[in-house]
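Be aware that the first sequence starts at 515, since it is given in my numbering, and climbs by one per residue. Don't be surprised by glycine CBs; every beta carbon is placed ideally from N, CA and C. These notes concern the structure reproduced below.
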Amino acid sequence: MAAKYPHHEIEPKWQKFWDENKTFKVYNHSEKPKYYILDMFPYPSGAGLHVGHPEGYTATDILARYKRMQGFNVLHPMGWDAFGLPAEQYAIQTGVHPSLKTAENIATFKRQIKSLGFSYDWDREINTTDEKYYRWTQWIFLKLFEKGLAYEAEVAVNWCEELGTVLANEEVIDGKSERGGFPVVRKPMRQWMLKITAYADRLLDDLELVDWPDSIKEMQRNWIGRSEGARVRFAIPGIGDSVTVFTTRPDTLWGATYMVLAPEHPLVSRLTADEYSGVVKGYQDRAGRKSELDRTDLAKEKSGVFTGSYAVNPVNGKEIPIWISDYVLMSYGTGAIMAVPAHDQRDYEFAKLFELPIVEVVSGGDIKQAAFIEIESGIMINSTTPDGSFTINGLKPSIAIRNTIEWLGSNGFGEATIQYKLRDWLFSRQRYWGEPIPILHHEDGSVIPLNDSDLPLTLPVLDQIKPSGTGESPLVNAREWMQVVDLQSGMVYRRESNTMPQWAGSCWYYLRFLDPENSKQGWDPEIEKYWMPVDLYIGGAEHAVLHLLYARFWHKVLYDLGYVSTKEPFKRLINQGLILGEDGEKMSKSRGNVINPDDVVNVYGADTLRLYEMFLGPLERSKPWNTSGIEGIYRFLNRVWRNFVDETGQITRLSDSEPDLGLMREIHAAIKKVTDDMENISFNTAISQLMILNNYFRNMDLIPKSAMEIFVLLLAPFAPHLAEELWSKLEYMHSIAYEPWPKYSEEYLVKNDYEMAIQVNGKLRDTITVTNDASRDQILALAKSSEKVAKYVSGKAILKEIFIPQKLINIVVKS
RNA sequence: GCCGUGGUGGCGGAAUUGGUAGACGCGCUGGAUUUAGGAUCCAGUCUCCUACGGAGGUGCAGGUUCGAUUCCUGUCCGCGGCACCA
């Protein structure tokens, strides 16, 4: 009867040991080199942990443990990103205050995370909803405000009249509220914005400084979306004003046959001719009812209406009609375009639909068939000013663009400009469960920031969290809290009722981990200098753009103000892939394919779960869960146990002798492979190497103690509970956590002989074993003497002999 | 549509610079042990064929090369993100 290893005893035992001995407590000063390894901290949802969380956490834990064994002072903290919509929705439905529900969720998450044996320094645990934490989130907001990076603006939000509240995009489904199915409209409301666009260039350029996957960098570049072009002013004689458009193709100005404004462009009402005002208003209404997503997503067919007005094309003085259409977005560029149907796909479709003229100004395509948008192969035509003083005919578009911009500039019609896709960050939320924005409004309209000494501005306790009905946050229901009277001057102020978005707390949490107890500062600058930057940051790919971009933005502001010492917060980044359900689909309650880590830990133990998630495949890739696969890992750990421990729980098969050369080779090959794989974060192959070494032990009667020890050390980062248990059975009284990582020596990896492949015309025909000192001629002779080879070579002319040392011989014969 | 990413046995995957494709694990097959089952151990397991031998094979079609999973061109499919960005 082969005993199962007792993970139910071992795992809680060592978790308790680590807790009581504060094994993983980390200090801010050390002789050791530092290593800061960070997980994206979780939102503690009511559903508890799912198996996707431990994937990233296991990877960072393995590396943290490995780095400790290599002599690094490792900072590896965990905390909670606990503000957010679900707790507030739950409060509205049940009356349970978000702080209570949040505390409950955190307790569950913490219990689950601790059951997996991660080596966090729990003394540094933080919680974004703790006033001791968000006091500093508010402080950073004030710094942004002082720097002129926070401003108020009227911005359209999803307004639901029936619910009397503003909805997040995810709460709106097909233009209706998710709750109740009520209509939702776009309504402008006063909002706080953060001027992230002021940092666009640096956010773009400094991607050079970080060691991130190219694909993530590319996504951020695309999000920032820098594009070079020109602003061009078109006069509108009818109203004595002008409209400015942005274009990347000023060379095609002569082909601009009409102009399109976004329906909400401020000039639309002024330039709409009386007889068109009905249709224009109707069109604006319809566009306003669509969300931005609907406008872009569903508008496969072009639509639009003519305003009745005309603009003057500056390059040829021609009058062109002005239309409005929702394919032009107010939020990008100037909200107006010059339409060049011959050389832009969208304009081409629109012109075809409404039978507008199409004028070719770049030759090389067939504009009867499609818009010609090539920038390198075309040649400019039909592009001369009426007085003949300026032409770009005969030029390549890339040259023509430069020349045209110059001409526009010297004639006062426009100038070169850089446009970003990136928009300013809409920072305020009409919610209760978020950080209050530390701002006062005076009735004269002035805006006054709170003093540092007034922080934290805590959330008022509300008996019931319910919508204000006006679209403002539920905070306006706290009448006393909202009103502030200055006792000295008698002035009356109203508090800002908006709160911050969930992103705020996660924008700087990596800094608070450095110095979480500090009540005087967000963090001590000396401590910051010691730990920053984060050496390795691991989290889900869904945060590839927004979270990482926002955090980089705040970090750069803090850098400019001298509060942090590095330009970039996260040196190296890895995005783990999704763990899919057994059906290969994304895990979700509705599909019924969710695996609960508690169940896995209960049946197989935490070490098995950790190992299995790492063995599934490369960390970055998405991969499906497979329940019978986990059995294989469980068997492996049981085999490890039986290799070391007998049925009575005593260490067994232990020998004091030195390992022989064959075993030494296996051991050192394993050290090398596992170490290399650690550096490359290639844990699946590291684990298979441990399996190979363990299989080698299985065939031995006695195992030398030194060999056992090295195996346990290599296993320790992956299966820490089992490793601690075996380590203690090898009669060590202290934790394995800080034992030095084994080193390999090349001498054991060198063999006396090796195998060589022999190919004939590229096909494998035989393999031979040769000694290290064999010469090329000796090996070739040996190869040719092989019967299997001779069969294909004899009687044929040898054209070539390819000899790759240590690897193969390829004999090329005339066939 | 665009951008990113991937496509290798029945399944998850391995193959660090172009050099013996399929490591390791799962599953499956046979055997040992067992009253039986489970567990454990041993052996086999890419496909096809005329089978002690040979042919084919890394989504598909070409190309470069003595030699391609790896490099190049074209093409198909899956996944993720974005979505009229001027």
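If we ignore side chains and look at the alpha-carbon of each, how far apart do residue 1202 and residue 574 end up? 19 Å
Residue span of the alpha helix (DSSP H) that contains residue 1306, given as start and end: Counting along the chain, the alpha helix (DSSP H) containing residue 1306 begins and ends at 1301-1307.
Sequence ranges, beta strand (DSSP E) only - wholly within the region 979-1057, length at least 3: Here the runs fully enclosed are 997-999, 1006-1009 and 1048-1054.
I need the straight-line Cα distance from residue 920 to residue 929, nearest angstrom please. 8 Å
Give every residue of the same chain whose Cβ lies closer than 8 Å to the Cβ of residue 764, excluding the five residues on either side of it in the sequence, and list them in chain order. 743, 744, 746, 915, 918, 919, 922 and 928
When the distance is taken between beta carbons, is residue 717 closer than 8 Å to residue 1072? Cβ distance not < 8 Å, so residue 1072 and residue 717 don't count as in contact.
With H, G and I counted as helix, E and B as strand and the rest as coil, what does DSSP make of residue 915? helix
Sorted by chain position, which residues of the same chain lie with C-beta nearer than 6 Å to residue 762's C-beta, five sequence neighbours on each side aside? Counting only Cβ-Cβ distances below 6 Å, and skipping sequence neighbours, we find 741 and 743.
Environment of residue 812 [buried if 16+ CB atoms lie within 10 Å]: Any reading at residue 812 needs caution, since the residue's pLDDT is 39, under 50, leaving its predicted position unreliable; the model's value is listed next. That one is exposed.
Are the Cβ atoms of residue 738 and residue 1034 separated by less than 8 Å? With respect to residue 1034, residue 738 sits apart: the two C-beta atoms are not nearer than 8 Å.
Is residue 1251 buried or exposed, if buried means 16 or more other CB atoms sit within 10 Å of its CB? Classification of residue 1251: buried, given that the 10 Å Cβ count is 16 or more.
Backbone CA spacing between residue 865 and residue 872 [nearest angstrom]: Residue 865 and residue 872 have their C-alpha atoms spaced approximately 7 Å apart.
Inter-stretch contact (C-beta, 8 Å, three-pair minimum) for the region 1223-1230 and the region 615-624: Verdict: no, contact absent.
Is residue 1296 closer than 8 Å to residue 1316 when the C-beta atoms are compared? no
Taking DSSP's pairing of strands, which residues face residue 1314 in a bridge? 1326
In the DSSP assignment, what are the bridge partners of residue 943? 1013
Could you name the residues of the same chain whose beta carbon sits closer than 6 Å to that of residue 1154, not counting the 5 residues immediately before and after it, in chain order? Excluding sequence positions up to five before and after residue 1154, its CB lies within less than 6 Å of the CB of 1208, all in the same chain and listed in chain order.
Could you give the distance in angstroms between the alpha-carbon of residue 694 and the alpha-carbon of residue 633? One alpha carbon belongs to residue 694, the other to residue 633, and they sit about 45 Å apart.
Are at least three pairs of beta-carbons, each pair with one atom in the region 1054-1068 and one in the region 664-681, less than 8 Å apart? no
Within 10 angstroms of its Cβ, does residue 539 collect 16 or more other Cβ (buried), or is it exposed? In the assembly as shown, residue 539 is an exposed residue. Its beta-carbon has fewer than 16 other beta-carbons within 10 Å.
Just list the beta strand (DSSP E) runs in the region 1242-1290, keeping only unbroken ones of 3 residues or longer that don't cross its boundaries, in chain order. 1267-1274 and 1277-1285
Just the C-alpha distance for residue 1068 and residue 1020, rounded to the nearest angstrom, thanks. 10 Å
Can you look up residue 934 in the DSSP assignment and give me helix, strand or coil? strand
Please report how far the alpha carbon of residue 1165 lies from the alpha carbon of residue 597, in whole angstroms. 50 Å
Ordered list of beta strand (DSSP E) runs contained in the region 850-923, each at least 3 residues: 850-853
Near residue 1267, which residues of its chain fall below 7 Å by C-beta distance, leaving aside the five closest residues on each side in sequence? Same-chain partners within the cutoff: 1283, 1284, 1285 and 1286.
Looking only at its chain, what residues have a beta carbon closer than 7 Å to the beta carbon of residue 834, apart from the 5 residues adjacent to it on each side? 770, 771, 772, 773, 824, 825 and 827
What would DSSP say about residue 650, mapped onto helix, strand or coil? helix
Who pairs with residue 760 in a beta bridge, going by DSSP? 745
Is it true that the region 1183-1194 meets the region 1144-1154, where meeting means three or more beta-carbon pairs spaced less than 8 Å apart? no
Beta-carbon separation of residue 995 and residue 974 under 8 Å? With respect to residue 974, residue 995 sits close: the two C-beta atoms are nearer than 8 Å.
Anyone know if the C-beta pair for residue 679 and residue 981 falls short of 8 Å? yes
Where DSSP assigns a beta bridge to residue 664, which residues make up the other side? 708
Terminal residues of the alpha helix (DSSP H) in which residue 788 lies: No residue range can be given for residue 788, since it is assigned to no alpha helix (DSSP H) and is classified by DSSP as neither H nor E.
Taking the alpha carbon of residue 1320 as the point to measure from, which residue in 1271, 1280, 1311 and 1309 has its own alpha carbon closest? 1271
Alpha carbons only, please: which of 535, 550 and 836 is nearest the one belonging to residue 1044? 550
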